[in-house]
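The structure appears below as structure tokens.
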Amino acid sequence: MAERTLLPDDLVRQLIAVGQVDVLVGLPTYNNAATVARVVKAVHVGFAKHFPRARTLLLTSDGGSEDGTSDVVRSAALDESETLIVRHALRTIHRVTTTYHGIPGKRSAVRTLFTAAELLQAKAVAILDPDLTSITPDWVGQLLLPIYREQYDLAVPIYARHRFEAPLVTQLVRPLFRGAYGYRVREPVGGEFACSGRFLSYALKQSCWDNDEARNGIELWLTASALAGGLQVCQTHLGTRATAGGKVRPTLPDLFQQVLGPLFASLEANQAIWTSRTQAEEVATFGQPANPEGEEPMIEIGPMADACCNGVRDLGGILETILSADTLGAIRAASTAANPGVDFPDALWAATVYEFAAAYHRTTMNREHLVQALVPLYLGRTASFVESHATHDRMAVEQQLEALGLQYEQSKPYLVERWTSEGGR
Amino acid sequence: MAQMIGDALREAWINFLNGVVVFLPRMLAMLSIVVVGWLIAAVLAFAVRRILGWLKFNSLAARSGAADLLKKTDLPPADALAASLVFWLVWIGFLLSGVGTLGFTGMEMLVADFMHFIPQLLIAFVILIVGLVAANFAWRATLLAAVNAQLPSARLLSSAVRFLIVVLAVAMAMEQIAVAKTVVLTAFAIAFGAIMLGLAIAFGVGGSAVARKVLESYFPDRGKRDTGGVSHL
Amino acid sequence: MQDDLWYRDAIFYELHVKAFADSDGDGIGDFRGLIGKLDHLVDLGVDCLWLLPMYPSPFRDDGYDISDYYNVHPSYGTVEDFRRFLAAAHERGLRVITEMVMNHTSDQHPWFQEARRGADSPRRDWYVWSDTDERYRGVRIIFVDTEMSNWAWDPVSKAYYWHRFFSHQPDLNFDNPTVREEMWNAMKFWLDMGVDGFRVDAVPYLIEREGTSCENLPETHEVLKFLRQRLDQHFPGRMLLAEANMWPEDVRPYFGNGDEFHMAFHFPIMPRMFMALRLEDRKPLVDIIQRTPPIPDTCQWGVFLRNHDELTLEMVTEDERSYMYDEYAVDRTARINLGIRRRLAPLLEGDRRRIELMNALLMSLPGSPIIYYGDEIGMGDNVFLGDRNGVRTPMQWNGGWNAGFSATDPERLYQPLISNPLYGYQAVNVESQRRNDSSLLNWMRRLIRVRKSTKVFSRGTIEFLNPANHRVLAYLRATEDEQVVVVNNLAGTAQAVELDLGRLAGALPIEMFGGSLFPRITERPYVLTLGPHAFYWFRLRWL
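Read top to bottom, the protein sequences are chains E, G and F. Here the first sequence is numbered in numbering that gives the first Met the number 0, starting from 0 and rising by one per residue. Here the second sequence is numbered in numbering that gives the first Met the number 0, starting from 0 and rising by one per residue. Here the third sequence is numbered in numbering that gives the first Met the number 0, starting from 0 and rising by one per residue.
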């Protein structure tokens, strides 16, 4: 029923004209007029460079932009010297824009893109963030070639990061994902990914398009369901990721709802699979690591540590229903020391996150509240990590992050125990 | 005399025994009605739960958003709730008709009065429960929001919210069962005013810094970074 | 006067005398044999024969190394035989053009033999000599597979001589007015006999100048204008066809202002037809046609699918060439120079639908179509015969002895017949196809008949309709009083297409092969569905 109205009529007419394609790049746009032209050009040059013979399509699935994004996409010119290569393309260049139906958000946009791509029997599909400012034509090849040539089903990115960049990923999402699922994926919530035609068919049958928990973080759901479904996942180095600012960015608690909520929910949805896995394995990786570009961001540890101490003090009652007595005790001891900082070691952090995951599963309280209660602890852990490694170079910090990942892997039996125990329903 | 006393006693005894003879079957009938009613109610509840299970009532509730509400208020799943509601309604119905079979004149009035009062009592009870749950929910939401927005006196703020809602719920419940209407109204007005005054003073004393923080948390500056001056994602 | 432009409407047929029919049993085709087969060509609907070189020659370049311009190779017969052949052709309404190789002669030609005797030989400056091989550096070498330099050392006269093709083909020196006069005399010899024109070989290379690519020089155009002037003066109604394998904008000067060549081959369009078919995308074809400049009214392009040479990939980009190799010549033995030495049918994997579509494209795009002998029946090739001999095997007339080509022993044939089970003469031959109404031969006859039923294809303008579906190549061919809409499905799958024919609203499309009526054109998009590799030609009528 849903599929009957999933594709607007004008899109269907354009798809008839485009016909079967080999490679498709999808852009889920919403008010990206300022940046999308750059992405469009990079994609077309990337097509010409990496897929000179393939049948290609650039498809944007728009959420009803009011700033003329679709017009910018349609009219983005390819006449500059560096895009001359495109004009000598063997084939007709196709660029289609459509406005998707359904609940506004990336998920609906991706669903429309996937549905169209499946209809066109695309062999490899990449979804890119239209807000990217650091994209180069090589991203197209980096993402799609492992799918197109090496027969992988899903390619997730590896970004070149500064030491303490994106702590929500490095401290929480990455190790939790890695520890629970047992696959060493570095960016489970990357903004870009590529997948195979086989994956499209598989993904479109999953429940994540309709259930409430997956409204955000569709990338994470797709990665998790690919791994859970036994599909071949790989990673690919893309270099530095930068997006245009200027939009209203979500606050940290909102970010937790959007990222951690789906991660916990995906654990619940796939529990039959990951709880029985005991091994952790590397994921095939393509490309060469790059050095991060741009200035390294400065981090103020003080406010983060303060937020943690205040949070632990004020949220005592809530944390008691989530955490075990031992863990909470250790956290209290760490965050009330006379020392202005917080000492939050790897093992304690892994236990904390795992107990939160289990509490989420047992629904000891409203799940949104539960996710928010982790925010102060996360700030404390991040402050602690940054403080301990402030003088280390990037490789050393990288090693520490690897150690954190291993800690999560080692502590996985604890997660399984908490998860499956009769502590609640 | 003795004859009179004896007759009277015999008559009384006979009356009593007659009464007992009349009452005993009624008692037995009442008891059997109550027991059978309980059984019927239990079977009905079971059946309701089964049927709702077949009809995928829970996923229906999930789609309508009702399940989310239940989860947020820590209530049992939708089908269990519906089943227990059926159970209690049926059983109380049987209970009251059972009492009715006893045939006491005063009792009948009392039962009737009680029957009239029951809905209001039920409503009051529900109001109170919902109020308490809502108060708890609001307390936690306020506390987390305040802590994560790094407002001072997060606990004070959230406790105040909880107290306010509890007071409101109690007042509404009292109002429903019409116990000392004016007294409740007055007491509520006083309590509410006091809390608002307290909050006003608290924020006033807390000063402009707090106000600014509150405002900032509602209208975040576009270029502003999160805690720690870092982009977390 | 109208008839003077006959070449604009003609269907050409390219053939080797040696490969067509052998009347005297020596294993090599000849003019008397050819006379006996003219009815096949008339039946097919051909208007003009183009004979590959029939002059005396040591045959080191398939006759393009001429050793006498005034005679016929003895294997093919005598000048008298040729004269009779010409009369028989003209009697049947067939015209004949022959090869004129002006740029060079064979090193066996008496002219060269005389010239190489010494620096004081009277014919010395009929050729281009040098004491050093340093002159004209940077001029590209055409036969990259066999030649290292454009200069060759002559041990007899101890000097280098210039050759753009094989080293046994010294270039004539057209700076010498005597050479020009002599060339005209040679042409006049054949024109007097009644030949209807010449296909002039290797025209861009006539003149050499230091510091240039030695191609397309203004002096070369002067030579050509001189010859054209003589032709118009003495033989009106005859025709010159230029062979210049170059981009259309570079070929354009050879038409002059209608005062050089009447016709020139359009080389780059051919690989792009194959490419468009394989890509299932009209882009390459539309690009090249839009890139083609307009030519004078009295001129015409010559278009072809295959010819006696390799399928040339000189006029494509590097990417396009490697694509063509990968798609049409995975087997490296099929590659030669910058091209693919295969015939039409094997290139298209014997797929009747694709063969038909390609022929229909050839017949409906601008230009006079040239059919290569044997392609009308879908003959195969043999890449193992070396050079481009694989596409020059004997014509397959029937399933009998030597395919009806010759009565001699099979071992004596100038080249073995194609005998594999798929394309061999027992499966593919004129006789059996003539009897089968659904054969390729009979289909080709019908196609040519439809093509010739209107002048819109030979004289009309072309305008591309660009439907969103890139697998569909659609165009409007129009003259003042006729319009034809052509719709081709390049894809091997069924396609739907919406054509914007709003300005033709009210017209009634009539499919030209079967005469079927189609719904009247309206302002709204005209929706058509096409089967795999299907095509429609619609004559528009205002009824």
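The C-beta atom is built at its ideal place from N, Cα and C for all residues, glycine as well.
Pull up the distance between the alpha-carbon of residue i and that of residue j, whole angstroms please.
| i | j | result |
| --- | --- | --- |
| Val-33 of chain G | Thr-181 of chain G | 40 Å |
| Ser-363 of chain F | Ala-151 of chain F | 45 Å |
| Glu-181 of chain F | Met-443 of chain F | 41 Å |
| Leu-142 of chain E | Ala-243 of chain E | 21 Å |
| Gly-99 of chain G | Phe-86 of chain G | 20 Å |
| Met-171 of chain G | Tyr-99 of chain E | 47 Å |
| Gly-377 of chain F | Glu-497 of chain F | 33 Å |
| Tyr-324 of chain F | Arg-519 of chain F | 44 Å |
| Phe-254 of chain F | Ile-96 of chain F | 18 Å |
| Ala-158 of chain F | Arg-115 of chain F | 9 Å |
| His-360 of chain E | Asn-269 of chain E | 12 Å |
| Met-163 of chain G | Glu-319 of chain E | The question names Met, but residue 163 of chain G is Leu in the sequence shown. Spanning the two alpha carbons is a distance of roughly 24 Å. |
| Thr-185 of chain G | Gly-97 of chain G | 41 Å |
| Asp-330 of chain F | Phe-383 of chain F | 12 Å |
Specify, as a first and last residue, the run of the beta strand (DSSP E) that residue i falls within.
| i | result |
| --- | --- |
| Tyr-488 of chain F | Residue identity check: residue 488 of chain F is Asn in the sequence provided, not Tyr. That run of the beta strand (DSSP E) goes 482 to 488. |
| Tyr-158 of chain E | 153 to 158 |
| Leu-48 of chain F | 47 to 50 |
Thinking residue i and residue j are a contact (beta carbons under 8 Å), I'd like their distance in whole angstroms, please.
| i | j | result |
| --- | --- | --- |
| Gly-196 of chain F | Leu-240 of chain F | 7 Å |
| Arg-185 of chain E | Ala-279 of chain E | No, Arg-185 of chain E and Ala-279 of chain E are not in contact; Cβ-Cβ is about 14 Å, not under 8 Å. |
| Arg-417 of chain E | Ala-357 of chain E | 4 Å |
| Glu-292 of chain E | Thr-239 of chain E | 4 Å |
| Leu-43 of chain F | Ile-447 of chain F | 7 Å |
| Glu-375 of chain F | Arg-340 of chain F | About 20 Å separates the two Cβ atoms, so there is no contact after all. |
| Cys-233 of chain E | Val-168 of chain E | Not quite, the Cβ-Cβ distance comes to about 18 Å (not below 8 Å), so this is no contact. |
Taking Cβ positions only, does residue i come closer than 8 Å to chain E?
| i | result |
| --- | --- |
| Lys-187 of chain F | no |
| Ser-83 of chain G | no |
| Phe-234 of chain G | In the structure displayed, chain G extends from 0 to 232; residue 234 of chain G sits before or after that span and is not available. |
| Val-146 of chain G | yes |
| Ser-63 of chain G | Confidence in Ser-63 of chain G is poor, its pLDDT being 49 and thus under 50, which makes the residue's placement unreliable; the coordinate value appears in the next sentence. Cβ-Cβ to chain E under 8 Å: no for Ser-63 of chain G. |
| Thr-596 of chain F | Coverage of chain F is limited to positions 0 through 542, which leaves residue 596 of chain F absent and any answer about it impossible. |
| Ala-153 of chain G | yes |
| Arg-139 of chain G | yes |
Can you list, in chain order, the residues of its chain whose CB lies under 8 Å from that of residue i, leaving out five sequence neighbours each side?
| i | result |
| --- | --- |
| Phe-93 of chain G | Ile-32, Val-33, Val-35, Gly-36, Trp-37, Ile-39 and Ala-40 |
| Phe-537 of chain F | Val-483, Val-484, Val-485, Val-486, Pro-508, Ile-509, Glu-510, Met-511 and Phe-517 |
| Thr-478 of chain F | Lys-454, Val-455, Arg-458, Gly-459 and Thr-460 |
| Met-314 of chain F | Asn-244, Met-245, Trp-246, Phe-266, Pro-267 and Pro-270 |
Leaving aside the five residues before and after residue i along the sequence, list all residues of the same chain whose C-beta is less than 6 Å from its C-beta, in chain order.
| i | result |
| --- | --- |
| Cys-308 of chain E | Ser-334 |
| Ile-206 of chain F | Phe-173, Leu-216, Glu-218 and Thr-219 |
| Thr-59 of chain E | Leu-26, Thr-28, Val-72 and Thr-96 |
For chain G, find out if any of its Cβ atoms is closer than 8 Å to the Cβ of residue i; answer yes or no.
| i | result |
| --- | --- |
| Gly-310 of chain E | yes |
| Asn-31 of chain E | no |
| Pro-252 of chain E | yes |
Quick check on residue i - is its C-beta less than 8 Å from some C-beta in chain F?
| i | result |
| --- | --- |
| Leu-369 of chain E | no |
| Gln-256 of chain E | no |
| Gln-13 of chain E | yes |
| Thr-96 of chain E | no |
Along the chain, where does the alpha helix (DSSP H) that runs through residue i open and close?
| i | result |
| --- | --- |
| Phe-164 of chain F | Phe-164 of chain F -> no alpha helix (DSSP H), and no H or E assigned at all. |
| Glu-174 of chain G | 153 to 176 |
| Val-89 of chain G | 77 to 100 |
| Ile-146 of chain E | 136 to 147 |
| Thr-222 of chain E | 217 to 227 |
| Asn-289 of chain F | Note on identity: in this sequence residue 289 of chain F is Gln, with Asn being the wrong assignment. Gln-289 of chain F -> alpha helix (DSSP H) spans 282 to 290. |
Who are the Cβ neighbours of residue i in its own chain at under 7 Å, not counting the five residues just before and after it?
| i | result |
| --- | --- |
| Arg-7 of chain F | Gln-299, Ser-367, Ser-457 and Arg-458 |
| Asn-30 of chain E | Ser-64, Glu-65, Asp-66 and Thr-68 |
| Arg-380 of chain E | Gln-170, Phe-343 and Trp-348 |
| Gln-107 of chain F | Pro-57 and Ser-66 |
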